[in-house]
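In what follows, a single structure is set out as structure tokens and then discussed.
In our numbering, the protein residues as written are 9 to 311.
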């Protein structure tokens, strides 16, 4: 199996103790972005293995302070500065990275292949990227990466229940953001979001409603509207009053309610039909949003 810089391959390279990964295919199902939570709570005082080299970038968000780093890039020692919690880094994986584990760390790592960035640039009619204007030896304080990463972080507690349209929204937004912000070849300001036209809103809602399993991407929805990928989610939110993943969740709950009223299917069967990971997932979400369990809600309406 080809080594890629996420999941267990990243865990092994960094000699980390824990890793959780979520993978999405954000650009017309052609390639994938992966986000991995990696942590090591006890310093090892040992060299890491080389992070797998490939045509991709790692965008990292540090979840805690990283007071001391020792790093080699392409077998040359470099001065790696301390990193604060909430700071970010961008690593070009064409280069070879080896570290020395003198500090514990905890980070979210977004694996973004160059092909994904090329497709985003094509959709947004922007310039493709060769390298980012960022030195990985020092961190960057980027509130967009930080806020998006922190919004996604709770999903790692139950990754099997994660709303994949939300995961896709966050990972695509981070990729599009770094492409616009750190691309030294960028030659025009980013487009700004307005509202969707009525036909665009109706079309997107139809597509989302037809994919209650969440097997649709932000890129596909933007393509249906013919608007830039980088502004689609903001335009949808401005038009509908909520982001696409929340509108999807509301449709799932509406469908579940309809099936509880009109069929004799079990709650477990309804959960699977409506795109939930299972009965427990439906019960947890339904109870939080509606204020009652599906069983109690159904009984009250059938009595």
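In this text, a Cβ means the ideal position worked out from N, Cα and C, and glycines have one as well.
- For residue 27, the uninterrupted beta strand (DSSP E) run begins and ends at 26 to 32, by DSSP.
- Only residues of its own chain outside the window of five on either side were considered, and among them 154 have a CB closer than 6 angstroms to the CB of residue 94, listed in chain order.
- Judged by their CB atoms, residue 222 and residue 256 are nearer to each other than the 9 angstroms cut-off.
- A residue is called buried once 16 or more other Cβ atoms fall within 10 Å of its Cβ, and residue 310, having fewer, is exposed.
- In the displayed model, residue 14 falls within coil according to three-state DSSP, outside both helix and strand.
- One thing to note: residue 119 has its Cβ within 9 angstroms of the Cβ of residue 64.
- For residue 111, the three-state secondary structure derived from DSSP is coil.
- Between residue 75 and residue 111, the C-beta gap is smaller than 9 angstroms, which places the two residues in contact.
- CA-to-CA, the gap between residue 107 and residue 175 works out to about 29 angstroms.
- Check the Cα spacing between residue 27 and each of 103, 72 and 115: the tightest is with 115.
- The alpha carbon of residue 152 has as its nearest neighbour, out of 259, 188, 91 and 306, the alpha carbon of 188.
- Each of 264, 298 and 269 was checked against the Cα of residue 282, and the nearest Cα belongs to 264.
- Partner residues in a beta bridge of residue 161, as assigned by DSSP, do not exist.
- DSSP, reduced to helix, strand and coil, places residue 302 within a helical segment of the structure shown.
- The beta carbon of residue 16 lies closer than 7 angstroms to those of 27 in the same chain, with the five residues before and after it left out.
- Per DSSP, residue 84 is one residue of the beta strand (DSSP E) stretching across 84 to 86.
- Residue range 252 to 270 is occupied by the alpha helix (DSSP H) that includes residue 255.
- Between the alpha carbons of residue 43 and residue 305 lies a distance of about 36 angstroms.
- The three-state secondary structure of residue 179, taken from DSSP, is helix.
- If you ignore the 5 residues before and after residue 271, its C-beta comes within less than 8 angstroms of the C-beta of 278, all in its own chain and listed in chain order.
- Separation of residue 51 and residue 90 (C-alpha to C-alpha, rounded to the nearest whole angstrom) is 15 angstroms.
- Secondary structure of residue 46 (DSSP, three-state): strand.
- Going by beta carbons, residue 128 and residue 179 fall outside the 9 angstroms limit.
- Separation of residue 80 and residue 53 (C-alpha to C-alpha, rounded to the nearest whole angstrom) is 15 angstroms.
- For residue 80, the uninterrupted beta strand (DSSP E) segment begins and ends at 78 to 81.
- Residue pairing by DSSP places residue 117 opposite 44 and 68 in a beta bridge.
- The beta carbon of residue 69 sits closer than 7 angstroms to those of 96, 115, 116, 153, 154 and 157, all from its chain and outside the five residues before and after it, given in chain order.
- The Cβ atoms of residue 124 and residue 62 lie no closer than 9 angstroms to each other.
- Under a 10 Å Cβ-count criterion, residue 303 is classified as exposed, with fewer than 16 other Cβ atoms of the shown protein chains found around its own Cβ.
- Put simply, the backbone Cα of residue 109 is about 9 angstroms away from that of residue 23.
- In the structure shown, the three-state DSSP call for residue 96 is strand.
- For residue 73, there is no enclosing alpha helix (DSSP H), as DSSP gives it neither H nor E.
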